[in-house]
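Chemist: A single structure is presented below for examination.
In this note's numbering, the protein residues as written are 25 to 422.
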């Protein structure tokens, strides 16, 4: 009996040892759940920069350019506008800064065109597309496209308007009987070219700004092939040529003209601002009364000019109702801002565009308070317009 119990006890001991051994060989399985890491928030891609470098922001035209660029391209581009405050060195630095920023597109209206040409060339070399406006920087490498006015032609068209007025107002005038003053500017080559155009009223044959004879297509010809100049008036006698651009200068110059040449009936002015100044001086003289004034009939006196940026339009309209004598001006650019946005968009989209974008020219007069305009048909050579005047509606003021 003891032997059986001892055997049973031994068997239980062995079974216990085997069970312990099996348990010690089993390894617990641990399931690890990987940590989910949220992706870092990504910043929206920076918009490409459209840089607008203006000479100043102190007049309605420049402010309108600023607003137009932001409203037209602001959704897709980071439009940045800089004012040079009339300082060419400041403008050069601004162009350098935008070049360093790797701006996609640069629109520049220069304080002084030629001085910034090297900065513009560097911008293009860095891959910036450049649209230049307001003159010629003197280097074709300074821009991808340039918007500019034919300055000589604008002056010549002012002379044409003056000639047409003389023909209508003094149809029987003897040669050289209409005393005329020309207000010019020699500030820069563009000003000289425009002023030369004003003097085309005294040139019998068609010429270019260099004084060379040209044909109807603008090609230089010899004297044997010269053609008549449509702006020439045999009745006009230019008795004074004076420097005057802005309103005060034009007003003062006209006061002096009326003192030395009281019979002057026609003024052709370099700029609309100076033309309005001349008109004011004439109206002030007329207001002295018939017993004192050298102006007997304001309907027989006229001022014409180049430029219509702000107050020139209303001044022309007023002259047609007896409130002035500023009877016409050459508007350049047409819808200047609209055309600028059009070509800026074309360039930004990578579409084809011309190297030179000539400003449109319009001859603006008024009838009974309504502004009228005739679009000029050639931006290369003086041509008498064939279209009839159309009503011109100015955008509402600020």
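Note that beta-carbon positions come from the ideal geometry of N, C-alpha and C, so glycine has one too.
Predicted model, so just to flag it, every value in this text is computed and none were measured.
Distance check for residue 129 and residue 145, CA to CA, integer angstroms please.
Modeler: 13 Å
Chemist: Does the stretch 322-334 come within contact of the stretch 363-373, defined as at least 3 CB pairs closer than 8 Å?
Modeler: no
Chemist: Is residue 132 near residue 105, with beta carbons less than 8 Å apart?
Modeler: No.
Chemist: Thinking C-alpha only, which one of 413, 315, 148 is nearest residue 123?
Modeler: 148
Chemist: When the Cα atoms are used, what is the spatial distance from residue 50 to residue 70?
Modeler: Residue confidence is low: residue 50 scores 46 on pLDDT, short of 50, so the model does not pin down where it sits. Its coordinate-derived value is still stated next. A direct Cα-Cα distance of roughly 59 Å separates residue 50 from residue 70.
Chemist: Taking the CB atoms as reference points, tell me whether residue 86 and residue 80 lie closer together than 8 Å.
Modeler: yes
Chemist: Would the beta-carbon of residue 292 fall within 8 Å of that of residue 225?
Modeler: yes
Chemist: So residue 253 packs on residue 286, CB below 8 Å; how close in whole Å?
Modeler: Contact doesn't hold; Cβ gap of about 29 Å is too wide.
Chemist: Determine the closest residue to residue 303 out of 352, 334, 257, 315, with distance taken between C-alpha atoms.
Modeler: 352
Chemist: Among 102, 311, 280, which residue has its Cα nearest to the Cα of residue 372?
Modeler: The shortest Cα separation from residue 372 among 102, 311, 280 belongs to 102.
Chemist: For residue 352, which beta-bridge partners are listed by DSSP?
Modeler: DSSP lists 328 as partners of residue 352.
Chemist: How is residue 281 classed by DSSP in three states: helix, strand or coil?
Modeler: The answer is helix: DSSP assigns residue 281 an H, G or I state.
Chemist: For the beta strand (DSSP E) holding residue 381, just list the boundary residues, first then last.
Modeler: Bounds of the beta strand (DSSP E) holding residue 381 are 380-382.
Chemist: Would residue 395 pass as a contact of residue 230 if the rule is Cβ separation under 8 Å?
Modeler: no
Chemist: Mind checking which residues open and close the beta strand (DSSP E) that includes residue 100?
Modeler: Element bounds for residue 100: n/a, residue is neither H nor E.
Chemist: Any idea which residues DSSP pairs residue 206 with across the strands?
Modeler: 265, 292
Chemist: Return the residue from the list 198, 359, 166 that minimises the CA-CA distance to residue 138.
Modeler: Shortest Cα-Cα distance from residue 138 to any of 198, 359, 166 involves 166.
Chemist: Which parts of the stretch 359-395 are runs of the beta strand (DSSP E), unbroken and 3 residues or longer, counting only runs that do not cross its ends?
Modeler: 380-382, 385-391
Chemist: Are there 16 or more other CB atoms within 10 angstroms of the CB of residue 389, so buried, or fewer, so exposed?
Modeler: When all chains shown are included, residue 389 counts as buried.
Chemist: I need the boundaries of the beta strand (DSSP E) containing residue 153, first residue and last residue.
Modeler: 153-157
Chemist: Return the bridge partner residues of residue 402 from the DSSP annotation.
Modeler: In the DSSP output, where bridge partners are listed per residue, residue 402 has none listed.
Chemist: If you check the beta carbons only, do residue 339 and residue 348 fall under 8 Å apart?
Modeler: yes
Chemist: Kindly indicate the opening and closing residues of the alpha helix (DSSP H) around residue 185.
Modeler: 175-193
Chemist: Rounded to the nearest angstrom, how far is the Cβ of residue 414 from that of residue 397, given a contact under 8 Å?
Modeler: 6 Å
Chemist: What are the residues that DSSP puts in a beta bridge with residue 237?
Modeler: 231
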